[in-house]
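So for the sequence shown, the numbering used here puts the first residue at 2; every next one is plus one.
Everything below concerns the one structure shown next.
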Amino acid sequence: MLKPKPSQIAMLDHSKAKVELFRRYFSIYLNIINRTPFVKKIYLYDLFAGEGIYSDGGKGSPVAAIECIKDHYFSNNQTCPNIDVWFNDFSKSQIEINKFKIDRVKEFVSSIYKPSNVNIEFTRFDSSQILSEIDKRLSVLKNDERALLFIDPWGYKDINPSKLKAILSNGKTEILLFLPISFMYRFADKALTDEKFSGGKPLEEFLKELFGNKVPDANNQIRFINAVKEEFKIYTGIKYIDTFMIERDNNNFFCLFFFSNNKTGYYKMLDSKWKFDEQSGRGFEVKKNPLQTSMFNAITEVDYSSQVEEFLKIKKNVTNQELFDFGLERGFLPKHTKLVLDNLKKADKIIFKSLDSKPALGYYIDDKHERRIEIKIK
């Protein structure tokens with residue numbers, strides 16, 4: 002038997018960052034749903050659940066999820082939404098070779114307190130079946146039900162853009178998808194141009210389905226990630242898609258793609274991401290060598306200030322709501338837009354006025370703010 006890789010039996014730093022972001026967002030998701038009276042039930046699906054708890058004590062996504070539900074329940078007067086949880090993994094354990102991973106997950110999860118209105122299912126669908134099975138289940142989702150999928154496969158060969166599109170088409174589902182983007186980036190050109198490269202067939206099919214006849218930007222990994230994100234927007238028709246990049250070591254990236262039809266959920270996910278990375282809002286870096294350079298530093302940062310100024314020039318008159326939406330769709334929070342406006346104001350480049358009877362004392366950059374103001378470039 003082959004010796005398992007360290008990442009298969011222990012929680013490496015990049016995996017901890019991935020699970021922590023999932024934990025943070027699921028906690029936020031529960032709070033949002035709890036305050037949405039028309040939603041009566043939610044479904045949480047963890048399709049490649051892993052080992053549950055790893056050899057170094059690291060907690061995987063299933064344990065994080067049930068702990069989130071427990072914490073939510075006790076923090077909200079012992080109440081929580083009605084939840085159906087589905088944990089799936091087909092693989093044999095790399096830690097206990099006589100067990101399947103899902104058996105370990107069941108053992109660990111069963112030791113955590115679970116509210117009575119939370120149901121948990123454990124299955125062993127293989128990777129070729131699982132997305133089709135999910136599509137069947139979500140196709141009958143009711144109007145008062147919502148679903149959150151965490152998809153963390155070992156690789157990408159079974160991730161099909163058309164299946165993701167089908168899953169998202171009901172408008173009631175959000176997806177967190179983890180992809181080994183550095184491997185995809187490294188072999189993208191060869192997969193698309195070398196017919197003899199048989200190992201690149203799944204990647205070729207993925208890229209051709211997503212990009213059609215276009216060639217993705219492969220000048221560097223961050224541009225490649227952004228190209229994939231933008232094509233996902235076009236291909237799926239989902240307005241709110243963002244990424245969380247995890248740099249495991251120098252020039253070796255993984256990426257968590259977040260898909261949502263819900264503006265509030267998307268806003269909260271952006272807020273969580275910026276708390277991880279206050280400087281650029283891109284992701285998490287594992288740096289063991291203090292002299293190691295970072296891909297984040299090597300690429301020119303997005304000039305958001307210029308984007309806002311250009312938007313003001315083109316639109317002539319822009320409302321605070323329009324500026325909130327503009328920033329959100331580009332991955333920026335209201336505080337970033339406010340900072341840009343402050344600098345433009347200091348440079349005497351903008352004027353703003355109230356659209357109601359009260360004086361405009363600020364910009365009021367928030368979703369559906371009760372105050373409405375207009376900002377204009379001079």
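Beta carbons are placed, not taken as given, at the ideal position from N, Cα and C, and that holds for glycine.
Tell me whether residue 153 sits in a helix, a strand or coil according to DSSP, three-state version.
Counted from its first residue, the sequence shown places residue 153 at position 152. It is coil, neither helix nor strand.
With DSSP as the reference, label residue 330 as helix, strand or coil.
Residue numbering aside, residue 330 sits at position 329 when the sequence shown is read from its first letter. Here residue 330 sits in helix by DSSP.
Just verifying my parser: in three-state terms, what is the DSSP assignment at residue 214?
Your numbering for residue 214 matches position 213 in the sequence shown. Per DSSP, reduced to three states, the secondary structure at residue 214 is coil, with no helix or strand assignment.
Beta bridge counterpart(s) of residue 241 as assigned by DSSP
For the purposes of this step, residue 241 is taken as residue 240 along the sequence shown, with counting starting at 1. DSSP, once it has assigned bridges, lists 261 as partnering residue 241.
Going straight from the alpha carbon of residue 82 to that of residue 35, what length do you get?
Position 81 of the sequence shown, counting from 1, holds the residue named residue 82. Position 34 of the sequence shown, counting from 1, holds the residue named residue 35. One C-alpha to the other measures close to 6 Å.
With 16 other CB atoms within 10 Å as the buried threshold, where does residue 207 fall?
Translated into the one-based positions of the sequence shown, residue 207 becomes position 206. Buried is the call here.
Do the stretch 125-144 and the stretch 215-230 make contact, defined as three or more Cβ pairs closer than 8 Å?
no
CA-CA distance, residue 88 and residue 148?
Residue mapping note: residue 88 aligns to position 87 of the sequence shown, counting from 1. Residue mapping note: residue 148 aligns to position 147 of the sequence shown, counting from 1. If you take the alpha carbons of residue 88 and residue 148, they lie about 14 Å apart.
Taking residue 179 as part of the beta strand (DSSP E), name the residues at either end of that continuous run.
Counting from one through the sequence shown, the residue named residue 179 turns up at place 178. Start and end: 174-180.
Determine, using beta-carbon pairs with one atom in the stretch 203-219 and one in the stretch 153-167, whether at least three such pairs fall under 8 Å.
Touching, per the Cβ criterion.
Is the beta carbon of residue 234 sitting closer than 7 Å to the one on residue 242?
Position 233 of the sequence shown, counted from the first residue, corresponds to residue 234. Position 241 of the sequence shown, counted from the first residue, corresponds to residue 242. The answer is yes: Cβ separation under 7 Å.
Measure the beta-carbon distance from residue 325 to residue 368 and round it to whole angstroms, keeping in mind my assumption that it falls under 8 Å.
Here residue 325 corresponds to residue number 324 of the sequence shown, with the count starting at 1. Here residue 368 corresponds to residue number 367 of the sequence shown, with the count starting at 1. Rounded, the Cβ-Cβ distance is 6 Å, consistent with contact.
Is the separation between the beta-carbon of residue 341 and that of residue 306 shorter than 7 Å?
By 1-based counting over the sequence shown, the position of residue 341 is 340. By 1-based counting over the sequence shown, the position of residue 306 is 305. Cβ distance < 7 Å, so residue 341 and residue 306 count as in contact.
Residue 21 - DSSP class collapsed to helix/strand/coil
Taking the sequence shown and counting its residues from 1, the one referred to as residue 21 is at position 20. Helix.
In the structure shown, what three-state DSSP assignment does residue 45 receive?
On the sequence shown, residue 45 is found 44 positions in, with the first residue counted as 1. Strand at residue 45.
By DSSP, does residue 286 sit in helix, in strand, or in coil?
In the sequence shown, the residue the question calls residue 286 occupies position 285. Confidence at residue 286 is low in this model, with a pLDDT of 45, below 50, so its placement is unreliable and the value that follows should be read with caution. Shown here, residue 286 sits in a strand according to DSSP, grouped into three states.
Residue burial classification, residue 79 (beta-carbon count within 10 angstroms, cutoff 16)
As a first step, residue 79 is located in the sequence shown; it is residue number 78 there, counting from the start. Label assigned to residue 79: exposed.
Do you know how far the Cα of residue 67 is from the Cα of residue 31?
Within the sequence shown, numbered from 1, the residue matching residue 31 stands at position 30. Within the sequence shown, numbered from 1, the residue matching residue 67 stands at position 66. Whole-angstrom Cα-Cα distance: 12 Å.
Report the residue from 331, 129, 189, 48 whose alpha carbon sits nearest the alpha carbon of residue 102.
The residue labelled residue 102 in the question sits at position 101 within the sequence shown. The residue with the shortest Cα to Cα distance from residue 102 is 48.
Using the beta-carbon count (16 or more within 10 Å), is residue 289 buried or exposed?
On the sequence shown, position 288 is the one that residue 289 refers to. In this prediction, residue 289 has a pLDDT of 41, which is less than 50 and means its spatial position is unreliable; what the coordinates show is noted afterwards. Exposed, since its Cβ has fewer than 16 Cβ neighbours within 10 Å.
First and last residue of the uninterrupted beta strand (DSSP E) at residue 318:
By one-based count along the sequence shown, residue 318 stands at place 317. First-last of the beta strand (DSSP E) with residue 318: 318-320.
Within its chain, find whatever has a CB closer than 8 Å to the CB of residue 55; leave out the 5 residues flanking it on each side and keep chain order.
Taking the first residue of the sequence shown as 1, we reach residue 55 at position 54. Once the five neighbours on either side are set aside, the close Cβ partners of residue 55 are 10, 11, 12, 61, 96.
Assuming residue 109 is part of the alpha helix (DSSP H), what are its boundary residues?
Translated into the one-based positions of the sequence shown, residue 109 becomes position 108. It spans 102-111 - the alpha helix (DSSP H) in which residue 109 sits, taken as one unbroken run.
Does residue 43 come within less than 7 Å of chain B when only Cβ atoms are used?
Absence of chain B from the displayed structure is noted, only one protein chain being present.
Beta-carbon spacing of residue 91, residue 136 below 7 Å
Along the sequence shown, read from residue 1 onward, the residue named residue 91 stands at position 90. Along the sequence shown, read from residue 1 onward, the residue named residue 136 stands at position 135. Their beta carbons are not under 7 Å apart, which means residue 91 does not touch residue 136 by this criterion.
Going along the chain, which unbroken runs of the alpha helix (DSSP H) with 4 or more residues stay wholly within the stretch 121-153?
Listed in chain order, they are 128-139.
In the DSSP assignment, find the beta strand (DSSP E) that holds residue 75 and state where it starts and stops.
Counting from one through the sequence shown, the residue named residue 75 turns up at place 74. No beta strand (DSSP E) contains residue 75, which is instead part of the alpha helix (DSSP H) from 62-76.
Please confirm whether residue 174 and residue 139 have their CB atoms less than 7 Å apart.
Residue 174 sits at position 173 when you count from the first residue of the sequence shown. Residue 139 sits at position 138 when you count from the first residue of the sequence shown. Yes, the pair counts as a contact, with Cβ atoms nearer than the cut-off.
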